[in-house]
Amino acid sequence: MLSTIPKSWNVKLKPHLFCPGCGHGITFKQLGFAIDGLGIQKEITMGVDIGCSLLAWNFLDVPTIQTHHGRTTPLLVGYKLVKPKRIVISYMGDGAAWGIGLQNIIHAAYRNNPVTVIVINNENFAMTGGQSSYTTLPGTITPTSPVGKSPELGAGFKGPELIRNVAHKDAYIARTTVTNPIHLLSTLKKAILAQKENNNFALVEVLSICPTNWKTGAKASLDMAFEMEKTYPIGEVK
Amino acid sequence: MIDTTKIILAGEGGQGIQTIAKVITEVAAEQGLDVSYIPVFGVEQRGTPSVAFIILSHEKIYYPRFDSADYAIILQKRAVASVLAYINKKTKVVFDSSTVSVRDLPDEAIHSFGIPATQIATEKFTPKAFNLIVAGKLSRVLNLDEDQVWQKIEKLLGKKFKTPEIKEKSRQAYLSGRKYIFELKDFSRPTFQPATGKIIIKNAEKTAQILPERCKGCGICIVKCPVGALKFSDTLGVFATPVPEIDLEKCIACGNCFRFCPDGAIAVEKNKKLK
Ligand SMILES: Cc1ncc(C[n+]2csc(CCOP(=O)(O)OP(=O)(O)O)c2C)c(N)n1
Ligand code: SF4
Ligand code: SF4
Ligand code: SF4
């Protein structure tokens with residue numbers, strides 16, 4: 002039978018809570034397929050952060066925990082110590098990963114804790130109204146940068162490249178994008194397998210789209226995501 | 068108008084509740100009334116209630132809070148809970164009968180009037196003009212001057228009227244709200260429900276499935292279709308936005324729409340060969 006969604010989605014609670022055209026939905030589509038494809042739905046525990054990612058507390062039909070801003074990774078590190086057979090996925094926005102929770106990611110990567118971190122980089126603080134963040138590109142107009150973000154505030158924060166410097170040598174670190182679902186799927190699979198098969202830390206940054214705060218339609222959103230790739234290159238971060 | 072009118076407007080973020088409130092209070096103030104306006108909304112973008120507390124008075128307003136409203140305007144089912152405490156048997160309750168049923172209202176709401184704002188806006192004007200229809204009706208009930216109110220709307224929303232056409236449609240929507248006469252009807256069923264069920268389309272080689280109850284009308288599938296086989300139709304999805312329709316003759320079953328749809332609302336498959 003033709004199905005429009007992955008088996009691991011919690012179908013009773015759809016439509017989901019993300020906005021129309023949101024990149025979180027596209028990511029969850031492929032995350033769902035990755036989980037279906039690897040046949041590991043029963044082994045997964047999700048952790049979702051503060052920010053739009055929390056809207057996914059009931060997205061997948063798997064046990065899900067929601068915690069304080071930026072603290073999802075250490076929570077799951079602890080959980081995994083107690084339940085080493087579970088496969089844990091720490092899901093958050095760029096604000097959580099590269100701002101308020103940066104120290105947690107750095108240490109988890111340094112210690113090579115077996116967690117899979119997924120960071121949705123939508124270039125702003127989406128849940129609170131689209132304010133400019135570290136990942137916002139220079140010149141972008143947001144509620145807190147009404148004349149365009151000043152280039153003096155940096156060219157765009159590259160979290161995975163930073164983490165790479167301190168991460169354990171076996172850690173898997175990569176970047177992918179919602180504009181390429183096939184790459185997105187294969188990257189997510191590798192990041193889950195890094196934890197499942199080799200007990201390694203894995204981090205995937207997903208370049209995402211936020212039509213609500215960007216105030217863009219479908220085409221402009223996708224175009225802007227392509228533009229992001231110039232600053233945030235796709236692929237494994239070595 | 069009686070000496071003091073207490074109004075509560077309730078809906079959801081994104082519905083333009085606070086815009087209606089600003090229009091009403093600013094015009095009333097310009098007409099020499101004493102006004103107070105307290106907006107209440109969350110920082111979140113979606114799904115949280117947006118409420119406006121308004122007082123218009125010929126006398127001095129000493130305190131902007133009130134316990135019972137003379138008018139309660141309810142534009143979203145989920146917002147009812149946040150205004151329950153302000154509705155009593157004397158409150159005149161006006162609600163969007165296209166999306167809210169009288170059954171959603173509290174028992175105290177014995178004077179309730181439906182106005183199918185979402186339906187009128189979508190069918191006759193543009194879906195976004197829905198709050199202007201409400202602003203039109205409310206400003207009429209409150210005896211605020213027709214032109215003055217429109218000028219205020221123009222001033223507050225001017226930037227959003229990107230073309231003269233949109234502006235004219237918005238003005239017509241506003242005027243239709245002013246002219247709208249409440250009807251005595253059975254408002255137990257909202258008139259404007261998104262389509263439900265599955266749309267299944269088949270030909271010899273392919274089968275397509277579209278689920279209006281999940282589609283949010285983002286248009287990503289349409290942009291990502293390499294052969295232009297998708298376009299918006301008249302069917303409405305969960306947010307009362309149009310749902311795509313598919314031209315199976317053009318479709319090459321590449322799977323892009325299915326891969327990209329953030330809401331899992333569409334899929335196309337090649338039919339399995341029967342042996
Ligand atoms: C400790 C703490 N600080 C601040 C906030 C306010 N807050 C809520 S969501 C958010 C932004 C989240 O941005 P991001 O992590 O990029 O996720 P997005 O919403 O963009 O997906 C902030 C700052 C909070 N909830 N908790
Ligand atoms: S605000 Fe942006 S990131 Fe958040 S759900 Fe809406 S589109 Fe997605
Ligand atoms: S399957 Fe491909 S060709 Fe067919 S409608 Fe979807 S995107 Fe277009
Ligand atoms: S991508 Fe999905 S939600 Fe968006 S318009 Fe197409 S079917 Fe609807």
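Residue numbers (our numbering), protein chains in the order written: chain A, 2 to 239; chain B, 68 to 342.
C-beta: ideal position from N, C-alpha, C; glycine also.
Task: DSSP beta-bridge partners of B/Gly181 - done: B/Phe162
Open item on the list: Contact defined as beta carbons within less than 8 Å: I believe B/Ile140 pairs with B/Ala176. What is the distance between those atoms, to the nearest angstrom?
Closed with: Wrong, their Cβ atoms sit about 12 Å apart, outside the cutoff.
Open item on the list: Checking 8 Å against the spacing of the C-beta atoms, do A/Gly33 and A/Pro7 come in under that value?
Closed with: yes
Task: Straight-line gap, A/Thr74 to B/Lys229 (C-alpha atoms, nearest Å) - done: A/Thr74 and B/Lys229: Cα-Cα distance of roughly 45 Å.
Open item on the list: Excluding the 5 residues flanking A/Trp215 on each side, which residues of the same chain have their C-beta closer than 7 Å to its C-beta?
Closed with: Ser222, Met225
Task: Bridge partner(s) assigned by DSSP for A/Arg274 - done: Given that chain A is displayed from residue 2 to residue 239, the structure contains no residue 274 of chain A and the question cannot be resolved.
TODO: Using a Cβ-Cβ cut-off of 8 Å, state whether B/Thr302 counts as contacting chain A.
DONE: no
- [ ] Could you say which of B/Ala275, B/Gly203, B/Lys127, B/Val208 lies nearest to B/Ile313 if we only look at CA atoms?
- [x] B/Ala275
- [ ] Check whether the Cβ atoms of B/Ser165 and B/Phe254 lie closer than 8 Å to each other.
- [x] no
Task: Given 8 Å, three or more beta-carbon pairs between the stretch 197-217 of chain B and the stretch 241-248 of chain B - done: A contact is defined here as three or more CB-CB pairs under 8 Å, and the stretch 197-217 of chain B meets this definition with respect to the stretch 241-248 of chain B.
Open item on the list: Going by the DSSP bridge assignment, what does B/Val335 pair with across the sheet?
Closed with: B/Ala275
TODO: Check B/Glu97 in the structure and name its three-state DSSP category.
DONE: helix
Open item on the list: Within a Cβ cutoff of 6 Å, which residues of the same chain sit near B/Val294, ignoring the five residues on either side of it in sequence?
Closed with: Lys317, Ile319
Task: Neighbour list for A/Lys15 in chain B, Cβ cutoff strictly below 8 Å - done: Arg281, Asp330, Gly331
Open item on the list: Using C-beta distances below 7 Å, list every residue in its chain close to B/Cys321, excluding the 5 sequence neighbours before and after it, in chain order.
Closed with: Pro293
Task: Exposure label - B/Lys44; buried when at least 16 CB within 10 Å - done: Nothing about residue 44 of chain B can be reported from this structure: the residues present for chain B run from 68 to 342 only.
Task: Where the stretch 29-45 of chain A meets chain B: residues whose CB sits under 7 Å from a CB there - done: Lys30
Open item on the list: Let me check you understand the geometry: is the CB of A/Met47 closer than 7 Å to at least one non-hydrogen atom of ligand 1?
Closed with: no
Task: Environment of B/Gln85 [buried if 16+ CB atoms lie within 10 Å] - done: buried
Task: B/Gly109 classed as buried or exposed, judged by whether at least 16 other C-beta atoms fall within 10 angstroms - done: exposed
TODO: Give the straight-line distance between the Cα atoms of A/Ala109 and A/Ala97, rounded to the nearest whole angstrom.
DONE: 14 Å
Open item on the list: 8 Å is my cut-off, CB to CB: does B/Met68 come that close to chain A?
Closed with: Here B/Met68 scores only 46 on pLDDT, less than 50, and its place in the model is too uncertain to base an answer on.
- [ ] Give a yes or no on whether 8 Å exceeds the smallest Cβ distance from B/Gly264 to chain A.
- [x] no
- [ ] Check whether the Cβ of B/Thr86 lies closer than 8 Å to any Cβ atom in chain A.
- [x] no
Open item on the list: Residues of the stretch 290-322 of chain B in Cβ contact with chain A at a cutoff of 8 Å, in chain order, please.
Closed with: Val290, Lys291, Val305, Phe306, Thr308
Task: Assigned exposure category for A/Thr28 - 16 Cβ within 10 Å defines buried - done: buried
Open item on the list: Taking the straight line between their C-alpha atoms, what separation do you get for B/Phe120 and A/Val238?
Closed with: 53 Å
Task: Contact check, B/Arg281 vs A/Lys15, beta carbons under 8 Å - done: yes
Open item on the list: Just verifying my parser: in three-state terms, what is the DSSP assignment at A/Gly26?
Closed with: helix
Open item on the list: Less than 8 Å between CB atoms is the rule here; does A/Gly218 satisfy it with respect to chain D?
Closed with: Chain labels in this structure do not include chain D; the protein chains are A and B.
- [ ] Determine the DSSP secondary structure at B/Asp301, reduced to helix, strand or coil.
- [x] Three-state DSSP puts B/Asp301 in a strand.
Task: C-alpha gap between A/Leu185 and A/Val207, whole angstroms - done: In this structure, the CA atom of A/Leu185 is about 8 Å from the CA atom of A/Val207.
- [ ] Consider the C-beta atom of A/Pro144 and the heavy atoms of ligand 2; say whether any pair is separated by less than 7 Å.
- [x] no
- [ ] Using only alpha-carbon positions, find the residue among A/Asn200, A/Ile174, A/Cys20 that is nearest to B/Ile287.
- [x] A/Cys20
TODO: In the DSSP assignment, find the unbroken beta strand (DSSP E) run with A/Phe60 in it and report its ends.
DONE: Looking at the DSSP string, A/Phe60 is not in any beta strand (DSSP E), and its letter there is neither H nor E.
- [ ] Using the DSSP secondary-structure output, state which residues sit across from A/Leu189 in a beta bridge.
- [x] Its beta-bridge partners do not exist; DSSP assigns none.
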